[in-house]
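S.K.:
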Amino acid sequence: MKIAVFVKQVPDSAAKMTVADGKPNWGDAPLVINPWDEYAVEAALQLAEKHGGEVTAVTVGGEGAKEALKHALAMGCSQAVLISDPALSAPDSSAIAHVLAAAVKKLDGVDLAIFGKQAIDSDTGITAAMTARILGWPALTLVAAIQQLDPAAKTVRVERGIEEGRQIVDGKLPAVFSIAKDFGEPRYPSFMGIRKASKAEIPIWALADLGIAAPQSKVSWPEISAPPQREVSNEMITGGSADEIAAKLADKLIAEGVL
Amino acid sequence: MDFQLSEEHRMVQNMVREFTQKEVIPVIKEWDRKQEMAPFILPRMAELGILGINIPVRYGGQGFDYISLGLVSEELEVADTTLRVVMSVHMGLNSMALLQWGTEEQKQKFLVPQAKGEKYACFGLTEPGAGSDVAGMKGTAKRMGDEYVLNGEKMWISLASKAHHALVVMRTNPDAADPHEGLTAFILELDRKGAKTGDIHGKMGVRAGSTGWISMQDVHIPVENRLGEEGEGFKIAMSCLDNGRYTVAAGATGLIRASLEASIKYSHDRKAFSREIGQFQLIQQKIAYMVQSYEAARLLYLRAGWMKNQGVRNTRETSLAKWFATDASFEAASEAIQVHGAYGYSDEYDVERYLRNSKGAVIYEGTSEIHQLMQAGYALGYREDAKLRCELPAYDAEYWQK
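Residue numbers (our numbering), protein chains in the order written: chain S, 1196 to 1454; chain D, -7 to 394.
1. Evaluate the contact criterion for the segment 132 to 146 of chain D versus the segment 247 to 260 of chain D: three or more CB pairs, one atom per stretch, below 8 Å.
2. For residue 114/D, list the residues DSSP reports as bridge partners.
3. Buried or exposed for residue 1238/S, going by 16 or more other Cβ atoms inside 10 Å?
4. Of the choices 1289/S, 1283/S, 1257/S and 1236/S, whose alpha-carbon is the least far from that of residue 1269/S?
5. When the distance is taken between beta carbons, is residue 296/D closer than 7 Å to residue 310/D?
6. Are the C-beta atoms of residue 1269/S and some chain D residue less than 7 Å apart?
7. Mind the definition here: the segment 105 to 118 of chain D touches the segment 280 to 287 of chain D only if three or more C-beta pairs lie below 8 Å; say whether that holds.
8. If the cut is a Cβ gap below 9 Å, which residues of chain D does residue 1385/S touch?
9. If we count the other Cβ atoms within 10 Å of its Cβ and call it buried at 16 or more, is residue 391/D buried or exposed?
10. Tell me whether residue 251/D sits in a helix, a strand or coil according to DSSP, three-state version.
11. List the residues of chain D that residue 1392/S touches, going by C-beta distances under 9 Å, in chain order.
12. Within the 7 Å Cβ cut-off, does residue 10/D reach chain S?
13. If the cut-off is 9 Å on Cβ atoms, which residues from the segment 1335 to 1364 of chain S count as contacting chain D, listed in chain order?
14. Would residue 1449/S pass as an interface residue toward chain D - the criterion being a Cβ-Cβ separation below 7 Å?
15. Roughly how many angstroms separate the alpha carbons of residue 1211/S and residue 1222/S, rounded to a whole number?
16. Taking 7 Å as the threshold (C-beta atoms), are residue 1351/S and residue 1368/S in contact?
17. Sorry if obvious, but does the Cβ on residue 177/D come closer than 6 Å to a heavy atom of the ligand HEM?
18. Please compile the residues from chain S whose C-beta is within a distance smaller than 8 Å of the C-beta of residue 45/D.
19. For residue 147/D, list the residues DSSP reports as bridge partners.
20. Can you confirm whether the segment 7 to 18 of chain D touches the segment 351 to 366 of chain D when touching is taken to mean that 3 or more C-beta pairs between the two stretches lie within less than 8 Å?
21. Curious, which full-length beta strand (DSSP E) runs of at least 3 residues does the segment 1263 to 1303 of chain S contain?
22. Note down the Cα distance separating residue 340/D from residue 262/D, rounded to an integer number of angstroms.
23. For residue 316/D, which beta-bridge partners are listed by DSSP?
24. Since residue 170/D is in the alpha helix (DSSP H), which residue starts that stretch and which ends it?
25. Nearest CA to the CA of residue 1340/S: which residue from 1301/S, 1373/S, 1226/S and 1284/S?
26. Could you tell me if residue 1416/S is buried or exposed, where buried requires 16 or more neighbouring beta carbons within 10 angstroms of its beta carbon?
27. Roughly how many whole angstroms lie between the Cα atoms of residue 1275/S and residue 314/D?
28. Just to confirm my understanding: we take residue 210/D, look at its own chain, exclude 5 residues before and 5 after, and list those with CB closer than 7 Å. What are they?
29. For residue 1344/S, I'd like the list of residues in its chain whose CB is within less than 6 Å of its CB, leaving aside the five on either flank, ordered along the chain.
30. From the DSSP secondary-structure annotation, give me the bridge partner or partners of residue 1345/S.
31. Measuring only between beta-carbons, confirm whether residue 1389/S sits less than 7 Å from chain D.
32. Assuming residue 1323/S contacts residue 1336/S (C-beta within less than 8 Å), just tell me the rounded distance between them.
33. Would you give the residue range spanned by the alpha helix (DSSP H) that residue 1437/S belongs to?
34. Starting from residue 354/D, trace the alpha helix (DSSP H) both ways and give me its first and last residue.
35. Secondary structure at residue 1432/S, three-state DSSP: helix, strand or coil?
Following this line, the structure appears as C-alpha cells:
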C-alpha cells in the first residue's frame, strides 16, 4: 500500500503568543510538528505495519518546515517531501488542498492520504475534506479507529468520533482520512529513526514540479487581534444562614443577567 | 570551536523529554512517596533504546555518541534523579566498562543483552566499611582452578535488586605490597548461588529508585567472568568512575535546570506586596545564580563528553564537572525552596524532592572532598593520569552505527 501523510509545522503549543501590528508573534519559541499530525503519522505507520507498504510524509512551507518532516521520519516514515514555492506566500486551506491533491497525484498510486484533524495554528480543520473533494475521493474525517481495511478489495470501514458517539462508515479506496485523538497515542521518534532523519536528504518540489499554477487563496487574514482581557472581580457573599446567602447570590445573578 | 548541538542531538533530547513529560513526571511524586521504583521505568527505558544509547549498534546499542549520553542524563534528571541513576550504573559504570575493557566474548555475552535492555546492570565497589578508601575493601575473590570464589558485601548499590549483572571489584591478592594492586574486577550474574541482593529503605532522597546491597557467600564464577587482568581492578574501577561521574555531572545539570524552571514559574505566579515575586531583587539574585551554575555545569559536562568522543583522557575534566554540578545542584535546589517559601517546604511542589535527590550525588562517585583533592593534585603536579592498557574508545560514527 502507498500511504501519504500530511504534516504541518506550527508554533509549539507551549509558546507564548502575542499580537503586534495585527500579526502573531511567538518569539523564539521553536516550531514543532502539529500535534494532531502526530496522530496521523501514527495511523499511517500502523496501517503500513499491518498491511505492508510505505509512508511518505509531505508538508508545504519553507526550509524550516523540514523539521516537521524530520520528526515524521524519526517516527518511522520511509520518506519525506517538502513542497516549497515562493508563489505560495499566504495560502489558505483551499490553496493548500489544491497543492496537496497535486502532490498525491505526483506520488502516483497513493491508496491512503492521511491528515491530522486540524492544525493548532489556523484551526480550520477543513484541509482534509477539501483535498478529498479535489481528488474526488471519499473523505473519512475524524477517524477514531479503523475497523477493517482490505487493500485487495479496496474497501475500508472506519469509526468516526462524533459528538453523539461513534459512527461506522464504509468507504472505498483510495480515500482521504483525518485522524482524531482517539486513534491512540503517537509513538516517540526512535533513536534509529532519529539517525535516519538527521541524515535524510529531503527533496523539494516546486509548483512547477507538481504541474500546477499557484492556486488562488480565497481567504486572507488581514489582521489578527488578541481577545480582550477579561475583567474579573471577586466578591464574598456573607450572611447568617445558607438560605440567606443563596438568596443574595440568586438576586445578584439575576441582577447581572446571568440567570 | 562549535557550541552548537547537532540536529541528531536535539532530536534525542526532545525524544527523551517527551518521554519523561508524558510518562514520568505525572506519576513520579507518588513513587517517591511510596519509596519504590515504578515498575515500568526500566522496561520502558529498555524499549525506547535509552539503555543502549551510546553503545555501538554491533553490540546491541543505538550507536549514538558520548555527548548524547550526557544530554539523555540531563533530560532524565530534570524529571527525577532516579532515572539518571539508571544511566549512571547500567551504562556509565558497567556497560561502558565492558566496551572499554571487555574481551569480544564478554562483549557478546554481557554487553549485547545490556545494550538491548534485555539485562540490567549495576556496579559494586563500595562496601559497608569502605567508601572513599577503595583499597580498604574486604571482599575477596579466590582463584580455584578455572573458577573464582567470591565472598563479601557491597553496599549502596543502585539497582542491586533489579540488575541481572553486577561489575564487582574484589580483593584477589591480600599480600600485594600496594593494596590497590591486589584488586580485580569481575562480572557477576546476580542469580548465581550464594549471591543475594536487597534494597535499602529510609533514604533521604532518590526514593523512587532502587538502592541496595549485594552479599556474596562462596559464589563460584568462571575465570571468563574476570574483567581485565588480575590486579587491574582498581584501574578499571577508576575508569568506570570517569564514565559514571560524567552521567552524574550531566544529571546534576538537569537538576539545576529543574530548580531554575520551577523557580521562574513560581516567581511569575506568586504575588507578594501586590506584585509577582520575580520583581524583587533578592529573588532575581537567586534566579541569576541558578542560570550561572546551569550554564557553567552544562559547558563542563559537554566538554567532558566532547573529550570522550575524541578519545582523550578526561579524568580531570569529568571530576571537575561532577564536583561543580553536584554542589551547584544542591545549592540550586535549596534556593528553589527558598523562592517557593513555605510551599517549597511541602511536597505539594517538586523542589523539596530536588533537594533531597541532589544530596546523594555530592557523596557518591567521589565525594566533593575527593574531587577537591583531585583538582588540587592536578594543579599542584602531585597527580597525573598514567595511560591505561585499554582506553575508552573514541566515538567513530562509522564503526558505531554498523
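Ideal Cβ positions, reconstructed from N, Cα and C, are used throughout, including at glycine.
M.R.: Per the coordinate set shown:
1. no
2. 158/D
3. buried
4. 1236/S
5. yes
6. yes
7. no
8. 7, 40, 41 and 54
9. exposed
10. helix
11. Below the 9 Å Cβ cutoff, chain D contributes -1, 0 and 3 as neighbours of residue 1392/S, in chain order.
12. With 7 Å as the cut-off, residue 10/D counts as an interface residue toward chain S.
13. none
14. no
15. 8 Å
16. Against a cut-off of 7 Å, the Cβ pair of residue 1351/S and residue 1368/S comes out as a contact.
17. Questions concerning the ligand HEM fall outside what the structure shown contains, since it holds no ligand whatsoever.
18. 1386
19. Residue pairing by DSSP puts residue 147/D in a beta bridge opposite 205/D.
20. no
21. 1274 to 1278
22. 15 Å
23. For residue 316/D, which the question treats as bridged, DSSP gives no partner whatsoever.
24. That residue, residue 170/D, is in no alpha helix (DSSP H); it is neither H nor E in DSSP.
25. 1373/S
26. Flag for residue 1416/S reads exposed.
27. 42 Å
28. Excluding five sequence positions before and after residue 210/D, the CB atoms of its chain that fall closer than 7 Å to its own CB belong to 141, 143 and 186, given in chain order.
29. 1351
30. 1350/S
31. yes
32. 6 Å
33. 1437 to 1451
34. Run containing residue 354/D: 343 to 355, per the alpha helix (DSSP H) assignment.
35. coil
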